[in-house]
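First the structure, in the form of structure tokens, and then the observations on it.
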Amino acid sequence: MLKLENVSKIYVVGGKPFYALRDVSLEIGDGEMVAVRGRSGAGKSTLLHILGALDTFERGDYWMDDVHVNELNSRQLAKIRNRKIGFVLQDFSLINHKTALYNVKAPMLFNNVPYRQMKSKAMQALCEMHMESQAKKDVVNMSGGQRQRVAIARAIVNDTPIILADEPTGNLDSSTAAEIMEIFKKLNGEGKTVVIVTHDDAVASYCHRTITISDGKIIE
Amino acid sequence: MKTFTLCLSFVKRYALSICITCLTLASGIFLLVAMVGMYQFQKYTLEVYKASDLQDAVFVMPSFFEDGTELRERSQMIQETASQMDGVSHILNYQSSIAGYGDHVTNAMYWSKEMRDNFKLQLVEGEWFSEDPTETEAVIGGAVWDGVSVGDTVTLSNGVTAKVVGIMGEHVVYPAFSSGTNDAFPASKLFNTIDTMVFLTEETIDFASLNIKNMSGNKTMFFVCFADDATQAEKDAVLLYLESEGVVRTYEDIVQDSEDALASIVTEQFPLPLFLLCITTIGILCICAVIVKRSMPDMAKYYLLGCTKARYTGILAGTMACVFSIPALLGIAAVVLSPDVVHQIFHAKYIIDAHCVLPIILYVCLLVGILILMPMLFYRKYSPVDLYRRNL
Ligand SMILES: Nc1ncnc2c1ncn2[C@@H]1O[C@H](COP(=O)(O)OP(=O)(O)OP(=O)(O)O)[C@@H](O)[C@H]1O
Ligand SMILES: [Mg+2]
Numbered sequence: 001m002l003k004l005e006n007v008s009k010i011y012v013v014g015g016k017p018f019y020a021l022r023d024v025s026l027e028i029g030d031g032e033m034v035a036v037r038g039r040s041g042a043g044k045s046t047l048l049h050i051l052g053a054l055d056t057f058e059r060g061d062y063w064m065d066d067v068h069v070n071e072l073n074s075r076q077l078a079k080i081r082n083r084k085i086g087f088v089l090q091d092f093s094l095i096n097h098k099t100a101l102y103n104v105k106a107p108m109l110f111n112n113v114p115y116r117q118m119k120s121k122a123m124q125a126l127c128e129m130h131m132e133s134q135a136k137k138d139v140v141n142m143s144g145g146q147r148q149r150v151a152i153a154r155a156i157v158n159d160t161p162i163i164l165a166d167e168p169t170g171n172l173d174s175s176t177a178a179e180i181m182e183i184f185k186k187l188n189g190e191g192k193t194v195v196i197v198t199h200d201d202a203v204a205s206y207c208h209r210t211i212t213i214s215d216g217k218i219i220e
Numbered sequence: 221m222k223t224f225t226l227c228l229s230f231v232k233r234y235a236l237s238i239c240i241t242c243l244t245l246a247s248g249i250f251l252l253v254a255m256v257g258m259y260q261f262q263k264y265t266l267e268v269y270k271a272s273d274l275q276d277a278v279f280v281m282p283s284f285f286e287d288g289t290e291l292r293e294r295s296q297m298i299q300e301t302a303s304q305m306d307g308v309s310h311i312l313n314y315q316s317s318i319a320g321y322g323d324h325v326t327n328a329m330y331w332s333k334e335m336r337d338n339f340k341l342q343l344v345e346g347e348w349f350s351e352d353p354t355e356t357e358a359v360i361g362g363a364v365w366d367g368v369s370v371g372d373t374v375t376l377s378n379g380v381t382a383k384v385v386g387i388m389g390e391h392v393v394y395p396a397f398s399s400g401t402n403d404a405f406p407a408s409k410l411f412n413t414i415d416t417m418v419f420l421t422e423e424t425i426d427f428a429s430l431n432i433k434n435m436s437g438n439k440t441m442f443f444v445c446f447a448d449d450a451t452q453a454e455k456d457a458v459l460l461y462l463e464s465e466g467v468v469r470t471y472e473d474i475v476q477d478s479e480d481a482l483a484s485i486v487t488e489q490f491p492l493p494l495f496l497l498c499i500t501t502i503g504i505l506c507i508c509a510v511i512v513k514r515s516m517p518d519m520a521k522y523y524l525l526g527c528t529k530a531r532y533t534g535i536l537a538g539t540m541a542c543v544f545s546i547p548a549l550l551g552i553a554a555v556v557l558s559p560d561v562v563h564q565i566f567h568a569k570y571i572i573d574a575h576c577v578l579p580i581i582l583y584v585c586l587l588v589g590i591l592i593l594m595p596m597l598f599y600r601k602y603s604p605v606d607l608y609r610r611n612l
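Line order of the protein sequences matches chains A and B.
If you count the first sequence from 1, position 114 lands on 114 in my numbering, and the numbers rise without skipping.
Take the position in the second sequence, starting the count at 1, then add 220; the result is the number in my numbering.
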């Protein structure tokens with residue numbers, strides 16, 4: 001379970017505080033599939049970064065299950081990102097000059113999966129995304145849909161319970177987007193908590209619940 | 221292994237340029253260490269030469285005449301003639317042999333009182349022979365003699381028993397009177413380096429009763445020492461005779477040639493490795509700046525996957541430090557560990573010690589320091605989330 005209590009993210013812009021998030025409280029239960037919506041600049045990505053322990057915040061509390069995330073140091077946060085969370089982001093955030101296989105192996109570089117099992121686990125994840133034939137291809141040479149599949153393979157390879165996605169279909173055509181959403185739905189069906197930031201109604205319709213933010217505040 | 225995978229991912233894309241710079245770095249350092257070593261040998265031998273009592277002596281290299289006489293015999297004749305001329309006090313020459321010591325083999329030099337008085341080699345312990353030795357005295361040098369100290373008595377396989385009076389430093393540099401060319405004759409050509417040596421007082425050894433095989437030594441080149449009361453006219457007559465028989469170098473000639481040789485190492489030999497190192501240093505810094513800059517977006521991506529910023533920066537810094545310090549250390553090690561190869565390449569004698577390696581080690585440390593600081597300074601300003609956003 002993810003729980004934010006009165007979380008504020010404040011940037012100082014031109015000497016004045018700017019609230020990217022203001023007193024956000026929310027709870028996402030295990031196995032939920034949630035859409036986060038809002039206008040551009042509303043703070044959706046900021047929220048996702050905080051949920052993903054990527055970014056810090058100035059006020060409030062964040063609980064992940066029983067862990068008080070505020071109190072963790074950078075190494076512990078890194079561990080949480082590695083063991084608990086899989087990220088799928090709009091720009092794919094793949095390591096461009098590397099192969100699909102390397103990208104999917106990368107999360108295992110930072111945990112205790114034995115080196116020799118890394119390849120087989122990565123191949124298994126690529127298989128699930130029907131990308132096994134592309135394993136040796138550099139991700140720069142792939143189509144948007146293919147890259148997003150690689151990104152999802154990378155997000156699931158550590159078998160993390162939470163998947164956070166920031167406009168995962170933003171750069172894809174509608175039919176490829178639908179395929180990707182089917183994958184998320186399937187992962188959610190397997191028990192993973194899925195949080196998806198999106199502009200797209202079609203994407204939101206796959207989710208159980210929609211959270212809308214405006215100017216850093218949750219409005220519904 | 222995982223860390224290694226990550227290290228490799230940093231440098232793989234730049235493999236070719238890294239290989240080239242590593243190669244120039246290693247060769248630049250190899251050349252520089254070797255040349256500093258040659259400079260040191262030149263300088264050290266000049267010091268020993270100046271510290272010896274040879275101001276009033278000339279060095280003679282008899283020329284080869286095609287009249288059938290062997291050079292050695294001719295040299296012997298010249299030495300005899302010269303020694304009988306007015307104003308000449310004595311001739312300096314030596315004989316040597318190979319001798320066993322324990323399980324080892326060493327070189328034994330049998331030095332007359334004159335040789336001992338005129339040549340003063342540098343010692344780290346003990347003294348340079350007594351004035352009038354009553355028993356055979358020895359000055360030892362080289363690792364073969366580890367454990368032997370001043371006052372000990374050593375027995376060589378050829379039956380010579382001697383009391384150790386002095387121990388040479390880490391460089392066993394001895395006057396070999398060896399190679400010479402007609403144009404220049406710096407002190408470095410008078411001397412040679414060797415692994416191990418024992419100098420013995422010649423007059424106390426009863427050569428007739430000992431089994432000393434393969435006695436050799438320099439029979440062709442020699443020093444002619446003038447008497448203290450020799451007049452200029454007598455000296456001129458001796459020089460005139462010697463010059464008719466071969467090449468003669470005076471003390472001043474040798475000092476001058478040595479100083480010229482030192483200067484030529486500085487002006488002609490050093491520039492190449494220094495230039496190589498300058499270029500390479502600039503190259504390395506550029507390559508690393510590119511690696512650091514281009515790895516910045518990847519930091520955000522690895523961060524996403526569970527790597528801390530500190531770890532990423534540390535691995536990057538460590539990778540660059542390793543990649544470039546290893547060839548540098550190999551360059552130094554190549555000179556230190558394979559003197560024969562260096563000798564083959566440069567045809568010159570050299571002394572490698574802490575003095576010549578230290579500045580280069582310092583250079584490597586400085587370089588490594590910069591390489592380690594570079595990513596830290598570059599990345600200090602940016603949080604991974606900043607980087608991630610900037611790439612969007
Ligand atoms: N480093 C920063 N300094 C100052 N302001 C920032 C910084 N990062 C983000 N912001 C601001 O925070 C607000 C929220 O940004 P965020 O990226 O979360 O928006 P978003 O809802 O994801 O928008 P989009 O749909 O366009 O991706 C924006 O107004 C943005 O300008
Ligand atoms: Mg966004």
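All C-beta atoms, glycine included, are put in the ideal place defined by N, C-alpha and C.
Taking 4 residues as the shortest admissible run, the region 133-185 of chain A contains the following complete alpha helix (DSSP H) segments, listed from N- to C-terminal end: 144-156.
Residue side-chain check: S8 of chain A keeps its Cβ at 7 Å or more from all non-hydrogen atoms of ligand 2. Identification of chain B residues near A153 of chain A by a Cβ-Cβ cut-off of 7 Å yields none; the smallest Cβ-Cβ distance measures about 13 Å. Within the region 234-266 of chain B, no residue places its CB atom closer than 8 Å to a CB of chain A.
Closest option to M33 of chain A, judged by alpha-carbon separation, among A:I196, A:G216 and A:A177: A:I196.
Around the beta-carbon of S478 of chain B, 16 or more other beta-carbon atoms lie within 10 Å, marking it buried. Close to chain B, meaning a Cβ-Cβ distance shorter than 7 Å, are the following residues of the region 66-78 of chain A: S74, R75 and A78. D55 of chain A belongs to the set of residues whose beta carbon lies under 8 Å from a beta carbon in chain B. The region 35-120 of chain A contains, as complete alpha helix (DSSP H) runs of 4+ residues, the segments 44-51, 74-84 and 100-105 (chain order). The beta carbon of C227 of chain B sits no closer than 8 Å to any beta carbon of chain A. Distance from M540 of chain B to Y532 of chain B at the Cβ level is roughly 13 Å; contact not present, criterion being Cβ atoms closer than 8 Å. By the CB criterion at 8 Å, L101 of chain A and A122 of chain A fall inside the cutoff. Secondary structure remark: continuous beta strand (DSSP E) runs of at least 3 residues inside the region 302-367 of chain B, in chain order: 308-312, 315-321, 324-331, 343-346 and 357-361. Between the region 469-476 of chain B and the region 264-283 of chain B there are three or more inter-stretch CB-CB distances shorter than 8 Å, so the stretches are counted as touching. For the region 509-527 of chain B, residues whose beta-carbon sits nearer than 8 Å to a beta-carbon of chain A comprise D518, A520, K521, Y522, Y523, L524, L525, G526 and C527. By the Cβ criterion, the region 330-337 of chain B is not in contact with the region 484-503 of chain B, since fewer than three pairs of Cβ atoms, one from each stretch, lie closer than 8 Å. Within its own chain, the residues whose Cβ lies closer than 7 Å to the Cβ of N82 of chain A, once the five positions on either side in sequence are excluded, are P107, F110, N111 and N158, listed in chain order.
According to the DSSP secondary-structure assignment, V458 of chain B is paired through a beta bridge with no residue. Within 9 Å of the CB of Y115 of chain A, the CB atoms of chain B belong to M221, K222 and T225, in sequence order along the chain. For N412 of chain B, the pairing in a beta bridge is given by DSSP as B:Y394. From the listed residues B:T421, B:E390, B:A450 and B:V308, the smallest Cα separation to T413 of chain B is found for B:E390. Residues of chain B whose Cβ lies closer than 8 Å to the Cβ of F18 of chain A do not exist, since the nearest Cβ in that chain is about 15 Å away. The continuous beta strand (DSSP E) containing Y19 of chain A extends over residues K16 to I28.
If you draw a straight line from the Cα of T99 of chain A to the Cα of S229 of chain B, it is about 11 Å long.
Taking C227 of chain B as reference, the option from B:D372, B:A302, B:S515 and B:G503 with the minimal CA-CA separation is B:S515.
The beta carbon of C242 of chain B sits closer than 6 Å to the beta carbons of P547 from its chain, once the five residues preceding and following it are set aside; these are given in chain order. Listed along chain B are L525 and G526, each with a C-beta nearer than 8 Å to that of P107 of chain A. For the options A:I180, A:T169 and A:T160, the alpha carbon positioned closest to that of K84 of chain A is the one of A:T160.
Judged by DSSP in its simplified three-state form, F446 of chain B adopts strand. At least one CB atom of chain B sits nearer than 8 Å to the CB of I95 of chain A. The beta carbon of P395 of chain B lies closer than 6 Å to those of F339, L410 and F411 in the same chain, with the five residues before and after it left out. In the structure shown, the three-state DSSP call for K222 of chain B is helix.
Listed as beta-bridge partners of R469 of chain B by DSSP are B:F279.
A530 of chain B: not part of any beta strand (DSSP E); member of the alpha helix (DSSP H) spanning K529 to L557, first to last residue. Between A530 of chain B and chain A, the shortest Cβ-Cβ separation is below 8 Å. Judged by pairs of C-beta atoms under 8 Å, the region 234-250 of chain B touches the region 551-569 of chain B, as three or more such pairs exist.
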